[in-house]
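As structure tokens, the structure follows; a few thoughts come after it.
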Amino acid sequence: MNLEEVKNQFPESVSEIKVLESLGFAFRSDGWIDSLESKQAQTACWLVGKVGGDQDADALVSILSNPRPELWRQAATSLSLIATERHLTALLPILTTSFDPIQRETVVYTLSFRTTCQVTSEVISVLTATAANKAETPSVRAQALEGLGNKLSQEVALNLYQKAVTVIIEALDDVKAEIRFWACFAVSALEIKEALPKLEVLVQNDRAIVPGWWSVGKEAEDAITLMNGGEPPLRKPCNSPPT
Numbered sequence: 005m006n007l008e009e010v011k012n013q014f015p016e017s018v019s020e021i022k023v024l025e026s027l028g029f030a031f032r033s034d035g036w037i038d039s040l041e042s043k044q045a046q047t048a049c050w051l052v053g054k055v056g057g058d059q060d061a062d063a064l065v066s067i068l069s070n071p072r073p074e075l076w077r078q079a080a081t082s083l084s085l086i087a088t089e090r091h092l093t094a095l096l097p098i099l100t101t102s103f104d105p106i107q108r109e110t111v112v113y114t115l116s117f118r119t120t121c122q123v124t125s126e127v128i129s130v131l132t133a134t135a136a137n138k139a140e141t142p143s144v145r146a147q148a149l150e151g152l153g154n155k156l157s158q159e160v161a162l163n164l165y166q167k168a169v170t171v172i173i174e175a176l177d178d179v180k181a182e183i184r185f186w187a188c189f190a191v192s193a194l195e196i197k198e199a200l201p202k203l204e205v206l207v208q209n210d211r212a213i214v215p216g217w218w219s220v221g222k223e224a225e226d227a228i229t230l231m232n233g234g235e236p237p238l239r240k241p242c243n244s245p246p247t
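Using my numbering, you'd call the opening residue of the sequence shown number 5 and step up by one each time.
Here it is in structure tokens:
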């Protein structure tokens, strides 16, 4: 997609794109996005996800590595669209060096949703280890579970697949509702039949609500429905705190 196509597809953003053009978007170099004020930088992160290439992905990796938290989520979203395996590898050290859970979560998001390169054993291993790490923040572990549900397949080495499946099944018993919820999602996405007994227990007993979603029990019920070839009902998100 080029700039004119983006303008046509997103007419509400034309004025912001024109501002970026006036600030040198066509001649952008490393550090250009970081030189912009916050709102312009966020728009630039979004825009390079639509039209950018390898050098732009380098810039987004740099943004995710640096202390501008207002840019992390958009940079992660855009990077998931244009990253190569090299860029994903460059992100991995953040998971072990960053003290900010939002920064770590955005990295896991990129690993979970990148669309431009194949799943690698390294990425599956990182997602599995993150999901299993009970010392990690629940939101980061939950994102890793969602990523496994999206990206794990039997095309990876059998030992990696089995280890990930074991972690997902164990997460159904986690003390945190958010973890149990996304474990239910991963189970249904991967059709892990051996998890059905645990799902049935959650349906009966787990009424803890994940804010922005619904109860763990309802997610478990939907997982069973999907695995049986059915269509779950539309759910209304709730905002009650988890228990």
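Think of the CB as a built atom: it goes at the ideal place given N, C-alpha and C, for glycine as much as any other residue. Note that this is a predicted model, so its numbers are computed, not measured.
Across the set 74, 239, 174 and 7, the C-alpha of 7 shows the shortest separation from the C-alpha of residue 56. Proximity to residue 78 across 180, 96, 239 and 44 peaks at 44, based on C-alpha coordinates.
As the crow flies, the alpha-carbon of residue 27 is around 43 Å from that of residue 190. Distances from the CA of residue 148 to each of 103, 136 and 235 were compared; the closest alpha carbon is that of 136. Straight-line measurement puts the Cα of residue 157 at about 25 Å from the Cα of residue 97. Within the stretch 99-133, the runs of alpha helix (DSSP H) at least 4 residues long that lie entirely inside it are, in chain order, 105-117. Given a length threshold of 4 residues, each whole run of the alpha helix (DSSP H) inside the stretch 5-49 is given here in chain order: 7-13 and 18-26. Within the model, the alpha-carbon separation for residue 100 versus residue 31 is close to 34 Å.
For residue 221, the enclosing alpha helix (DSSP H) begins and ends at 220-231. Within the same chain, 105, 108, 109, 112 and 134 come within 7 Å of residue 144 by CB-CB distance, once the 5 residues on both sides are set aside.
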